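For the record, the sequence lines run as chains A and B.
Residue numbering for the first sequence follows numbering that gives the first Met the number 0, beginning at 0 and increasing consecutively.
Residue numbering for the second sequence follows numbering that gives the first Met the number 0, beginning at 0 and increasing consecutively.
Don't be surprised by glycine CBs; every beta carbon is placed ideally from N, CA and C.
Every value quoted in this text rests on a predicted model; they were computed, and no experiment measured them.
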Amino acid sequence: MFIINCPYCGERDQTEFSSGGEAHIVRPKQPTELSDDEWAEFLFMRKNIKGIQFERWNHSHGCRKWFNVVRDTSNDKIHAVYKMGEKPPANK
Amino acid sequence: MSQELRINNNKFIDQTTRLSFKFNGEKLYGYKGDTLASALLANNIHLVGRSFKYHRPRGIMTCGSEEPNAIVQIGNDPSLTDPNVRATEIELYEGLEAFSQNCWPNVKFDIGGINNFLSPLLPAGFYYKTFMWPASFWEKYEFFIRHSAGLGKSPSKPDPDIYDHKYYHCDVLVVGGGISGIMAAKLSAENNNETLLLDDKNTLGGATIYQNNDCFQIDGTHTNYWLEKEINKIKNIKNLTIKTRTSLAAYHGYNYLLAKENLTDHLSPDERKGKIRQRLWKIRAKKVIIATGSIERPLIFNNNDRPGIMLSSAIKKFIDFYGVKAGKEISLFTNNDSAYETAISLKKSGVNIVSIIDIRDKSSSKIVKEVEKHKIKIYWKHTIVNTEGYRRISFIEIMKLSDDGSGVIGKKIKLKTDCLGISGGWTPMVHLFTQSGGKLKFRSDDNVFLPDKNKTPSDQISIGSCNGDFDIKDIILNSNKAVKTFLGIENSSFDNLKVESSKEEMKRNIWLLPSDKPIGKTKPFLDFQNDSTAKDVKLALREGFKSIEHVKRYTTTGMGTDQGKLSNMHALGIIAETTGTNMGELGTTTFRPPYTPLTFGAIVGRNVGEFFDHTRKTAMHNWHVQNKAKFENVGQWKRAWYYPKNGETMFEAVQRESKAARESVGILDASTLGKIDIQGTDASEFLNRVYTNAWSKLAIGKCRYGLMLNEDGMVYDDGVTTRLGENHYIMTTTTGGAANVLTKLEDYLQTEWPELDVYLTTVTDHFSTISICGPNSKKILSKVIPDLDLSDEKFPHMSFKNSIIDGIKCRVMRISFTGEHSYEINIQSNFAKHVWELCMDAGKNYNITPYGTETMHLLRAEKGFIITGQDTDGTMTPSDLQMDWIIGKKKFDFIGKRSLYRSDTIRDDRKQLVGLLTDDPKEILEEGAQIVEKLNQKPVEMLGHVTSSYFSPNLNKSIALAVMKSGKKLKGKKFFVPMENKNINVTVTDTVFFDKENKRLNA
Ligand SMILES: [Zn+2]
Chain A
0 MFIINCPYCG
10 ERDQTEFSSG
20 GEAHIVRPKQ
30 PTELSDDEWA
40 EFLFMRKNIK
50 GIQFERWNHS
60 HGCRKWFNVV
70 RDTSNDKIHA
80 VYKMGEKPPA
90 NK
Chain B
0 MSQELRINNN
10 KFIDQTTRLS
20 FKFNGEKLYG
30 YKGDTLASAL
40 LANNIHLVGR
50 SFKYHRPRGI
60 MTCGSEEPNA
70 IVQIGNDPSL
80 TDPNVRATEI
90 ELYEGLEAFS
100 QNCWPNVKFD
110 IGGINNFLSP
120 LLPAGFYYKT
130 FMWPASFWEK
140 YEFFIRHSAG
150 LGKSPSKPDP
160 DIYDHKYYHC
170 DVLVVGGGIS
180 GIMAAKLSAE
190 NNNETLLLDD
200 KNTLGGATIY
210 QNNDCFQIDG
220 THTNYWLEKE
230 INKIKNIKNL
240 TIKTRTSLAA
250 YHGYNYLLAK
260 ENLTDHLSPD
270 ERKGKIRQRL
280 WKIRAKKVII
290 ATGSIERPLI
300 FNNNDRPGIM
310 LSSAIKKFID
320 FYGVKAGKEI
330 SLFTNNDSAY
340 ETAISLKKSG
350 VNIVSIIDIR
360 DKSSSKIVKE
370 VEKHKIKIYW
380 KHTIVNTEGY
390 RRISFIEIMK
400 LSDDGSGVIG
410 KKIKLKTDCL
420 GISGGWTPMV
430 HLFTQSGGKL
440 KFRSDDNVFL
450 PDKNKTPSDQ
460 ISIGSCNGDF
470 DIKDIILNSN
480 KAVKTFLGIE
490 NSSFDNLKVE
500 SSKEEMKRNI
510 WLLPSDKPIG
520 KTKPFLDFQN
530 DSTAKDVKLA
540 LREGFKSIEH
550 VKRYTTTGMG
560 TDQGKLSNMH
570 ALGIIAETTG
580 TNMGELGTTT
590 FRPPYTPLTF
600 GAIVGRNVGE
610 FFDHTRKTAM
620 HNWHVQNKAK
630 FENVGQWKRA
640 WYYPKNGETM
650 FEAVQRESKA
660 ARESVGILDA
670 STLGKIDIQG
680 TDASEFLNRV
690 YTNAWSKLAI
700 GKCRYGLMLN
710 EDGMVYDDGV
720 TTRLGENHYI
730 MTTTTGGAAN
740 VLTKLEDYLQ
750 TEWPELDVYL
760 TTVTDHFSTI
770 SICGPNSKKI
780 LSKVIPDLDL
790 SDEKFPHMSF
800 KNSIIDGIKC
810 RVMRISFTGE
820 HSYEINIQSN
830 FAKHVWELCM
840 DAGKNYNITP
850 YGTETMHLLR
860 AEKGFIITGQ
870 DTDGTMTPSD
880 LQMDWIIGKK
890 KFDFIGKRSL
900 YRSDTIRDDR
910 KQLVGLLTDD
920 PKEILEEGAQ
930 IVEKLNQKPV
940 EMLGHVTSSY
950 FSPNLNKSIA
960 LAVMKSGKKL
970 KGKKFFVPME
980 NKNINVTVTD
990 TVFFDKENKR
1000 LNA
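Structure follows, in structure tokens:
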């Protein structure tokens, strides 16, 4: 069970957070203009990387803020934490 | 009590406190400080159980948690009995009662023992091969297997004991209180680290605390005396917490560890009363020092499993620590020097040593010379080829080993012995290290897997024999050095210790020792608990199993309650040897937590009974209780389900309530519906995006029903939202969906649409909701709020008014979930019960009838209103629900809109909501029942299922909602609902059964 450094609250136990899956999947501005395939890409396709993955987390039992985490899914090591809207750090 | 096998020792056993206990019904005695195992041995009892597959007699083999055989059932109280307890770990207390497991009718005569004679028929994978065919017989096989197998009985009544959880944070956690752990804890705590030291035994000091031998000295004293002084010193260090009887179960990432503290298992039942039995420690440590030691390996030879055959180190602990002789004529069988330490201990206590059989050519280390001084016969380069003795070992047969160790030569020698100590070297306990993500490397000198320093997760080290140091000199030197570096310490009190030890010079290892018989005729056991032999492993390899994980499962090696702590290494060794693989490349099987089993009690702690989950009660809850409501759980809420009167059944109560609500007036506590207060200049735009229908034009003071989808187009939640002001709405959600809807909306606001000026606040608990429905509801309202103009012109359906009841501000909505003329009063929760009582009072003359969730469900079903989560299951689109009218097709976008015309969502053979009527109006369908068209089709095509079903008292017939393939096209068609004993004829209808014209809303 890992520790996440919430950008608003600081280090907290993982049990306070919930995961929101892969980050930086932007909801299309005009979904109605997309083909079935394009929409499916947004709706279903996730990378599910073994290794460094950019993902969304919510401090659901704390400040309830969403933010981004760079986590190595193979060992749960967290390389970076940054707020929504901030630029992701360069891939290490 | 016979004292024959006791020596007048000693520090660790209180021989002035005699304790009585029972084993398999026989009354016996031991001393305070004994384990059940040491007390049994003192009573000359070795035979304690039967093996799992062949039911062979098995005896105490070890003195710790690695014990594979001495697994007992403690007590026979149906709520307190404890199965699978290791006799080597449980401390003796007055009145302890233990029973052998896995034997019937008793341990001395066991019917399953016949399996031993059938054993040529029971090779590896026997169960898999035999009982899988034919598949239809599985049920019969299962019965047989379950009755002949099984380890222990689980309690049949709830556990009355109290368990506890504790969260703990520290700078340094030291796991293991042997000599290296003691040194580490002292150094850590003395250097201002908040330190926690754990040990699973009741006494600190590991094996060194009873190592009283001239060969091993520190600063001129025997190691045991030196360590005792150190332990006394650390007891007074302020920032050191020591927990004994506490075993580490799991080591997770980020130095999060779980440990189980035993608080009362060593006490007599009387002393336990009112005390916490076990405490689960949830530890977050900045740094972890693993000092978990090592355990001795057995040797694998023919018939190596008889009672009386034990690890040599266990015999040493029984004599040195417990003061118990494991036998009177003991032999030792070894491939290394440590058995010679046992020999010295036995000799000192006056036990006769028959001989030492050593597979090595020779050893000239200090300790071996010491043993030779005692004139003990040592058979160098010999091996045991067979043992005799059914319930206890009686003879060993030995022969000389060939030079390459693959066979035996010369004459067979038979020696009489009543106990055999075996030593195959040592296995470092690397379980915790690997659990934490560390990787192992293989050291071929002595065939051990060790923590790889380069593949160790940060903020931890392993020291002592779990790190591969077995010589006391190395242990002290390397532990001191490693801890200093790890914690950044400059000077240590252990820097200049003078340590003397006996250095082991010769090693020889043979994983499977040869016999004079062919292997097929021998029984060299590897896993003593699961009865897998070296033969089984070889068979598995011949049959094509290559991965060690597969061999393990096929032969069940290492799958007992001891998880193969004792003999996994031999299995790996034999696999490597047979397949010609290097052991380092072969690797190990995965070490999974827990290291030793945890009780369910410790895992759940206090989260039992009413503390299992939060219970939410509405402000009117006590009124419902006083009025004899039955409750149902909806999420965490307790909701009034129905209010039986005068012994009514649920059916009768619901029929009465449903009729009353339509004929006069009913009252419902709807407080559990989720309520989200929405404010901000973009509130209307926000609702436009989250609901399928249009919201911009909703006038202030008006209400609207909304449907919320997921991005995949499936119905997610629904409810009525009211516009309270220009930029102010209150949204209601389903009871179960409230928290998730809030989270989802927050997600969109924070991540997709941060530009929107919208604020969400959950107010579910702040406001309570009283729903009053029926033709007389207006009369009640006019009584409790005389000032409010209730005319259809001033207060039409789907509108809202601020108002005051008895001086209390409230919001009144005229909305309806039943199709009746009805109102919902929302009021601050602390006044809600009072207002509820005012309404009840006002309704006295109108037979106002409180109704629960069941009647609510029935009334809405009469109207064909859906309940999300009951009539929907995450695969229903609005169109599937025949609710196309609610989709704002002209809207630019809303959550899920694009998905509504994906190729899959526009299929017309999707399951769609329909109404069902039974041909026999008295027949009520079962919710979940399947609907078919043809009765004699195999396999029968399932067209859909019933989602809601009731007997409508207002229509005097049974009604149901269902989802069916292409349901929209099926109106008027006939189908069957096959049940266990009958087939019910049904006809597809419209989903609205009652008041199709909605006349009653304004009645
Ligand atoms: Zn936070």
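For residue 309 (chain B), the enclosing beta strand (DSSP E) covers residues 308-310. The beta carbon of residue 74 (chain A) falls within 8 Å of a beta carbon belonging to chain B, placing the residue at that interface. Distance between residue 85 (chain B) and residue 604 (chain B), taken at the CA atoms: about 23 Å.
Per the coordinates, the alpha-carbon of residue 335 (chain B) lies some 11 Å from the alpha-carbon of residue 363 (chain B). Distances from the alpha-carbon of residue 872 (chain B) to those of B:24, B:616 and B:713 put B:713 closest.
Using beta-carbon distances, residue 170 (chain B) does not count as an interface residue toward chain A, since no partner is under 8 Å.
For the pair residue 770 (chain B) and residue 684 (chain B), the Cα-to-Cα distance works out to about 29 Å. The beta carbon of residue 994 (chain B) sits closer than 6 Å to those of 818, all from its chain and outside the five residues before and after it, given in chain order. Annotation for residue 766 (chain B): 674, 825, 826, 827 and 828 place their beta carbon closer than 7 Å to its own, counting only its chain and skipping 5 residues before and after. Per DSSP, residue 995 (chain B) lies in no beta strand (DSSP E) segment and is marked neither H nor E. Beyond the five residues adjoining it in sequence on each side, residue 491 (chain B) comes within less than 8 Å, by CB distance, of 186, 479, 482 and 483 in the same chain, given in chain order. The beta-carbon of residue 31 (chain A) is placed less than 8 Å from the nearest beta-carbon of chain B.
Any heavy atom of ligand 1 counts here; residues with a Cβ closer than 6 Å to one of them, in chain order, are A:5, A:7, A:8, A:58, A:61, A:62 and A:64. Interface residue (Cβ-Cβ distance to chain B less than 8 Å): residue 2 (chain A) is classified as such. Taking residue 74 (chain B) as reference, the option from B:64, B:94 and B:61 with the minimal CA-CA separation is B:94. Rounded to whole angstroms, the separation of the alpha carbons of residue 428 (chain B) and residue 3 (chain B) is 35 Å. Exclusion of the five residues before and after residue 322 (chain B) leaves 5, 6, 8, 9 and 12 as the residues of its chain whose Cβ lies within less than 6 Å of its Cβ.
What residue 59 (chain A) touches in chain B, judged by beta-carbon distance under 9 Å, is 742, going in chain order.
According to the DSSP secondary-structure assignment, residue 973 (chain B) is paired through a beta bridge with B:986. Under a criterion of Cβ atoms nearer than 9 Å, the residues of chain B adjacent to residue 19 (chain A) are, in order, 746 and 750.
From the beta-carbon of residue 435 (chain B), no residue of chain A is found nearer than 9 Å; the closest lies around 10 Å away. A straight line joining the alpha-carbon of residue 292 (chain B) with that of residue 66 (chain B) spans about 16 Å. Contiguous beta strand (DSSP E) elements confined to the region 567-635 of chain B occur at 629-633, taking only those with 3 or more residues. Here the C-alpha atom of residue 338 (chain B) lies approximately 32 Å from the C-alpha atom of residue 258 (chain B). In the structure shown, the three-state DSSP call for residue 762 (chain B) is coil. Secondary structure at residue 951 (chain B): strand, using DSSP grouped into helix, strand and coil. In the structure shown, residue 210 (chain B) falls within a coil segment according to DSSP collapsed to helix, strand and coil.
Runs of the beta strand (DSSP E) lying entirely within the region 787-864 of chain B, each at least 3 residues long, are 798-804, 807-813 and 821-827 in chain order. Residues of the region 244-270 of chain B whose Cβ lies closer than 8 Å to any Cβ of chain A, in chain order: 251, 252, 253 and 255. Interface with chain B (8 Å Cβ-Cβ cutoff): residue 63 (chain A) is included. Judged by beta-carbon spacing, residue 854 (chain B) lies beyond the 8 Å limit of residue 670 (chain B), meaning their Cβ atoms are not closer than that value. Residue 187 (chain B) sits in a helix when the DSSP states are folded into three classes. Membership of residue 56 (chain A) in the beta strand (DSSP E) is indicated by the continuous run 51-57.
Interface residue (Cβ-Cβ distance to chain A less than 8 Å): residue 753 (chain B) is classified as such. Under DSSP, residue 14 (chain B) takes part in no beta bridge, so it has no partner. Nearest neighbour of residue 845 (chain B) by Cα position, chosen from B:27, B:283, B:988 and B:779, turns out to be B:779.
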